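Going from the sequence shown to the numbering used here is simple: count from 1 and add 111. Everything below concerns the one structure shown next.
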Amino acid sequence: MDDPAVETPVTKVGAGELAPGHPTPGMERLAAVVLPDVWSGVARTDPGVVSGWHHHGSHDTVAYVVRGVFQVETASGVVRGEPGDFVHVPAHTVHRESNPTDKRAEVVLVRRGTGEVVVNVDRPA
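Shown next as structure tokens:
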């Protein structure tokens with residue numbers, strides 16, 4: 112257990128300090144705060160783009176849609192997130208994101224888990 116008497120400093124990552132994240136064709140990912148079992152950052156998808164199929168290993172992912180449309184396709188269907196919506200992608204779920212609009216989409220992502228954050232695959236199993 113952590114000693115509550117020992118203070119860990121609060122940190123900030125500015126918009127200009129985001130680091131390139133794990134690549135998936137069709138998406139730009141930028142990492143903000145990365146801890147041993149948490150990954151957070153931003154994903155941007157250009158208009159009309161469909162990402163490659165991938166999953167996030169043991170990481171559960173929660174996306175908050177900031178702007179545009181964040182569409183997630185799995186073998187069982189499609190979920191469409193719009194500004195203000197939260198979308199949960201369970202661990203090991205093979206999916207791809209798309210942006211069916213004419214405006215760039217942007218989401219804030221938080222993932223919790225360990226191991227590989229992005230595993231690109233050919234298609235759903």
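Glycine included, every Cβ here is placed at the ideal spot set by N, Cα and C. These figures come from a predicted structure and were not determined experimentally.
- Under the three-state reduction of DSSP, which class applies to G127: helix, strand or coil? For the purposes of this step, residue 127 is identified with residue 16 of the sequence shown, where counting begins at 1. Helix.
Discussion item. Taking 8 Å as the threshold (C-beta atoms), are V176 and G192 in contact?
Written reply: Locating residue 192 in the sequence shown gives position 81, where the first residue counts as 1. Locating residue 176 in the sequence shown gives position 65, where the first residue counts as 1. Cβ atoms of G192 and V176: closer than 8 Å.
### Task
Indicate the three-state DSSP secondary structure (helix, strand or coil) for S151 in the structure shown.
Residue 151 sits at position 40 when you count from the first residue of the sequence shown. Strand, per DSSP.
*Option nearest P235 by Cα separation, candidates F181, T185 and G159*: The count along the sequence shown starts at 1 and reaches residue 235 at position 124. Closest by alpha carbon: T185.
Contact set for V149: own chain, Cβ-Cβ below 8 Å, skip 5 residues either direction: By 1-based counting over the sequence shown, the position of residue 149 is 38. Excluding residues within five positions, the ones whose Cβ falls inside 8 Å are V221, R222 and R223.
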